[in-house]
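As they're listed, the protein sequences go chains A and B. Residue 1448 is where the first sequence starts when you use our numbering, and the numbers rise one by one after that. Residue 1448 is where the second sequence starts when you use our numbering, and the numbers rise one by one after that. Quick reminder that beta carbons are idealized off the backbone N, C-alpha and C, glycines included.
Number of protein chains: 2
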Amino acid sequence: MKNKPYLIISNDDGYTAGGINFLIETLRPMANLLVVAPDQPRSGQGCAFTPTAPLRVKLIREEEGLRIYACNGTPVDCVKIAVNELMERQPDLIIGGINHGDNASVNAHYSGTMGVATEAALQGFPSIAFSLCNHSANADFTPLRPYLIDMTFKAIAMGMPPFTCLNINFPNRPKFEGVKICRMAKSRWVNETVRRTHPYAGDYFWLVGECVDLEAEATDTDRWALAHGYVAVTPTTLDVTATGMIDILKGSF
Amino acid sequence: MKNKPYLIISNDDGYTAGGINFLIETLRPMANLLVVAPDQPRSGQGCAFTPTAPLRVKLIREEEGLRIYACNGTPVDCVKIAVNELMERQPDLIIGGINHGDNASVNAHYSGTMGVATEAALQGFPSIAFSLCNHSANADFTPLRPYLIDMTFKAIAMGMPPFTCLNINFPNRPKFEGVKICRMAKSRWVNETVRRTHPYAGDYFWLVGECVDLEAEATDTDRWALAHGYVAVTPTTLDVTATGMIDILKGSF
Chain A
1448 MKNKPYLIIS NDDGYTAGGI NFLIETLRPM ANLLVVAPDQ PRSGQGCAFT PTAPLRVKLI
1508 REEEGLRIYA CNGTPVDCVK IAVNELMERQ PDLIIGGINH GDNASVNAHY SGTMGVATEA
1568 ALQGFPSIAF SLCNHSANAD FTPLRPYLID MTFKAIAMGM PPFTCLNINF PNRPKFEGVK
1628 ICRMAKSRWV NETVRRTHPY AGDYFWLVGE CVDLEAEATD TDRWALAHGY VAVTPTTLDV
1688 TATGMIDILK GSF
Chain B
1448 MKNKPYLIIS NDDGYTAGGI NFLIETLRPM ANLLVVAPDQ PRSGQGCAFT PTAPLRVKLI
1508 REEEGLRIYA CNGTPVDCVK IAVNELMERQ PDLIIGGINH GDNASVNAHY SGTMGVATEA
1568 ALQGFPSIAF SLCNHSANAD FTPLRPYLID MTFKAIAMGM PPFTCLNINF PNRPKFEGVK
1628 ICRMAKSRWV NETVRRTHPY AGDYFWLVGE CVDLEAEATD TDRWALAHGY VAVTPTTLDV
1688 TATGMIDILK GSF
């Protein structure tokens, strides 16, 4: 198995989720896999890590070319433990996903799946995040199979520039129109809270909401691609300097 | 009090922390403040939010021009509750901090203080994050006072381009050399785990580590500015598209 690529996989839906297990079974014949994933759902964790609580991992499954660990931390914690403690050699690629749900546009900031890819890139490894625009636990991932294989091997072959990763989102449909290389759409979440009242312990809130497009006419965004049946590949940078503002601020701040 | 600016303040160290209370007392004479901050420390939470648990707020203090709420959620949750449920009018500015600890370079990705500024910008409001490079609960914030006032009012006056915010870090010293407008330094955390063994419940890990500069010679970064005694102002974008990769990927992916 020595010539097979070595991949680290994590997610934010937890190690039992359909998406990560579909990814594992898809890539297993052609790669050696180290899976370190949360022991429970950790959606919306972004790049959160755990600075003040002990982290534990539990070996769930071990076979030739495959080890699966559950970790009590966030997606970022899982990558840190994998890289610092569990990996056998430098990975050829680190993959987040497949997420159950859309991580395009501003959702990338909240996404634990993108947390995996971001942390991997911060660690200096090429990385991609896969997400399917279907939140259901029973989402059908089979249409993704050839794309997962093709994109994984292309990403390994081309590598990534430092401090970048790929955010790849699939529309929820049985067949795709093709692949679009996109920019991140500008969108905004609105109506994000609902208030409920406990019988004798006061009010509380649930976070909910709708994501509204702020540039619905643009045809080069990830949201446009997904709405039109394309797989959206959004190259993503971790250097978040707003370069255009530097000169403005130098004159006035 | 109608002509005073209206500011929303949050942080990740919790509403009792020294940093946020120093900020509140500094800005209170010149602004009306809505403070919604975590009810306990929430460092390292990045842009994490809470999709699956009920969120509660508790009014801690209410005076003319000042309301302080504690919230059981993350920094991002605090901003969402403030904007969707608690604010009396559109804020002129949303501020994260003052954080106890350095949020420059790649730390911005993990920072709950930057989570506040990021969420504020995603909501469409101008925002800044203040951090002091001193983790101590007893850190001395007094040298920051004139800068906090000056920068808050400049930020209100100039506003921010959409999908941007400011990440402002102060070196830990009694006097500053001046203010530098910077780009985010490329750095990497290393040696991030230590293993410990419970007497009868196996091994666990603590996340620790050191942040290593990957471009120590560069003089235009936030890490350089801080190391040389300057206040580092890093304009930050939420549009994380790696624009330079789009054409490369179009030909090969």
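Please compile the residues from chain B whose C-beta is within a distance smaller than 8 Å of the C-beta of residue 1571 of chain A.
Taking the first sequence and counting its residues from 1, one reaches residue 1571 of chain A at position 124. In chain order: 1635.
How big is the Cα-Cα spacing for residue 1536 of chain B and residue 1582 of chain B?
Here the question's residue 1536 of chain B lines up with position 89 in the second sequence. Here the question's residue 1582 of chain B lines up with position 135 in the second sequence. The alpha-carbon atoms of residue 1536 of chain B and residue 1582 of chain B are separated by roughly 34 Å.
So for residue 1526 of chain A, helix, strand or coil by DSSP?
For the purposes of this step, residue 1526 of chain A is taken as the residue at position 79 of the first sequence. Helix.
Any beta carbon of chain A sitting closer than 8 Å to that of residue 1583 of chain B?
Here residue 1583 of chain B corresponds to residue number 136 of the second sequence, with the count starting at 1. Residue 1583 of chain B does not count as touching chain A.
Nearest by alpha-carbon distance to residue 1554 of chain A: which of B:1560, B:1553, B:1545, B:1570 is it?
Taking the first sequence and counting its residues from 1, one reaches residue 1554 of chain A at position 107. Closest by alpha carbon: B:1570.
Any beta carbon from chain B within less than 8 Å of residue 1658 of chain A's own beta carbon?
The residue you call residue 1658 of chain A lines up with position 211 of the first sequence. So no, residue 1658 of chain A is outside the interface.
Show which residues of chain B have a CB atom less than 7 Å away from the CB atom of residue 1459 of chain A.
Walking along the first sequence from the start, residue 1459 of chain A turns up at place 12. Within 7 Å Cβ-Cβ: nothing; residue 1459 of chain A doesn't reach chain B, min ~10 Å.
What number of angstroms, rounded off, separates the C-alpha of residue 1488 of chain A from the C-alpha of residue 1461 of chain A?
Within the first sequence, numbered from 1, the residue matching residue 1488 of chain A stands at position 41. Within the first sequence, numbered from 1, the residue matching residue 1461 of chain A stands at position 14. C-alpha separation (whole angstroms): 5 Å.
Say whether the region 1603 to 1616 of chain A touches the region 1682 to 1695 of chain B, bearing in mind that this needs 3 or more beta-carbon pairs closer than 8 Å, one atom from each stretch.
yes
Nonlocal neighbours in the same chain, by C-beta distance under 6 Å from residue 1629 of chain B, ignoring five residues either side:
Sequence index remark: in the second sequence, residue 1629 of chain B carries index 182 (1-based). The residues are 1668, 1669, 1672, 1679, 1681.
Consider the Cβ of residue 1484 of chain B: report whether some Cβ of chain A lies at a distance smaller than 8 Å.
Counting from 1 along the second sequence, the entry for residue 1484 of chain B is found at position 37. It does not: the Cβ of residue 1484 of chain B has no partner Cβ on chain A nearer than 8 Å.
Please state whether the Cβ-Cβ distance between residue 1506 of chain B and residue 1520 of chain B is less than 8 Å.
On the second sequence, residue 1506 of chain B is found 59 positions in, with the first residue counted as 1. On the second sequence, residue 1520 of chain B is found 73 positions in, with the first residue counted as 1. Going by C-beta atoms, residue 1506 of chain B is not nearer than 8 Å to residue 1520 of chain B.
Assess, as a yes-or-no matter, whether the region 1512 to 1526 of chain B is touched by the region 1540 to 1547 of chain A under the definition of 3 or more beta carbon pairs within less than 8 Å.
no
Whose C-alpha, out of B:1509, B:1526, B:1512, B:1485, is nearest the C-alpha of residue 1640 of chain A?
Against the first sequence, residue 1640 of chain A aligns to sequence position 193. Selected option, being the one with the closest Cα: B:1526.
So, at 8 Å on beta carbons, what are the nonlocal neighbours of residue 1685 of chain A in its own chain, with the 5 sequence-adjacent residues on each side left out?
Residue mapping note: residue 1685 of chain A aligns to position 238 of the first sequence, counting from 1. So the qualifying residues of the chain are 1565, 1568, 1569, 1610, 1611, 1612.
Please say whether residue 1531 of chain B and residue 1616 of chain B have beta carbons closer to each other than 8 Å?
As a position in the second sequence, residue 1616 of chain B is number 169, starting the count at 1. As a position in the second sequence, residue 1531 of chain B is number 84, starting the count at 1. Contact: no.
Please tell me whether residue 1680 of chain A has its Cβ less than 8 Å away from any Cβ of chain B.
The residue you call residue 1680 of chain A lines up with position 233 of the first sequence. At least one chain B Cβ lies under 8 Å of residue 1680 of chain A.
For the region 1529 to 1541 of chain A, which residues have a beta carbon sitting closer than 9 Å to at least one beta carbon of chain B?
1530, 1531, 1532
Specify, as a first and last residue, the run of the beta strand (DSSP E) that residue 1649 of chain A falls within.
Taking the first sequence and counting its residues from 1, one reaches residue 1649 of chain A at position 202. First-last of the beta strand (DSSP E) with residue 1649 of chain A: 1649 to 1654.
How many angstroms separate the CA atom of residue 1485 of chain A from the CA atom of residue 1522 of chain A?
Locating residue 1485 of chain A in the first sequence gives position 38, where the first residue counts as 1. Locating residue 1522 of chain A in the first sequence gives position 75, where the first residue counts as 1. Cα-Cα distance, rounded: 6 Å.
Shorter than 8 Å from the beta carbon of residue 1618 of chain B to some beta carbon of chain A?
As a first step, residue 1618 of chain B must be located in the second sequence, where it is residue number 171. Not closer than 8 Å to any Cβ of chain A, the Cβ of residue 1618 of chain B fails to qualify, so no.
Have a look at the DSSP bridge pairing and note the partners of residue 1660 of chain A.
The residue you call residue 1660 of chain A lines up with position 213 of the first sequence. Residue 1660 of chain A pairs with A:1634.
Is any beta-carbon of chain B found at less than 8 Å from that of residue 1506 of chain A?
As a first step, residue 1506 of chain A must be located in the first sequence, where it is residue number 59. No, residue 1506 of chain A does not count as interfacial toward chain B.
Selected residue, minimal CA-CA separation from residue 1658 of chain A, among A:1476, A:1594, A:1688, A:1633
As a first step, residue 1658 of chain A is located in the first sequence; it is residue number 211 there, counting from the start. That would be A:1633, whose Cα lies nearest to the Cα of residue 1658 of chain A.
May I have the straight-line CA-CA distance separating residue 1495 of chain B from residue 1458 of chain B, to the nearest angstrom?
The residue given as residue 1495 of chain B occupies position 48 in the second sequence. The residue given as residue 1458 of chain B occupies position 11 in the second sequence. Roughly 13 Å between the two C-alpha positions.
In this structure, does DSSP put residue 1556 of chain B in helix, strand or coil?
Here residue 1556 of chain B refers to the residue found at position 109 of the second sequence. Of the three classes helix, strand and coil, the one that applies to residue 1556 of chain B here is helix, per DSSP.
Candidates A:1623, A:1528, A:1450, A:1656: which alpha carbon is nearest residue 1636 of chain A's?
Mapped onto the first sequence, residue 1636 of chain A falls at position 189. That would be A:1656, whose Cα lies nearest to the Cα of residue 1636 of chain A.
Indicate the three-state DSSP secondary structure (helix, strand or coil) for residue 1546 of chain A in the structure shown.
Stepping through the first sequence from its first residue, residue 1546 of chain A is reached at position 99. It is a strand residue.
Going by Cα to Cα distance, which pick from B:1547, B:1552, B:1601 is closest to residue 1661 of chain B?
As a working note, residue 1661 of chain B is residue 214 in the second sequence. Considering only alpha carbons, the answer is B:1552.
So, is the C-beta of residue 1462 of chain B closer than 8 Å to a C-beta in chain A?
The residue given as residue 1462 of chain B occupies position 15 in the second sequence. Judged by the 8 Å Cβ criterion, residue 1462 of chain B is not in contact with chain A.
Proximity to residue 1473 of chain B [Cα-Cα], best of B:1690, B:1620, B:1450, B:1454
In the second sequence, residue 1473 of chain B corresponds to position 26, counting from 1. Of the listed residues, the one whose Cα sits closest to residue 1473 of chain B is B:1454.
Excluding five sequence neighbours on each side, which residues of the same chain lie with their C-beta closer than 8 Å to the C-beta of residue 1619 of chain B?
Position 172 of the second sequence, counted from the first residue, corresponds to residue 1619 of chain B. Contacts found: 1579, 1580, 1581, 1586.
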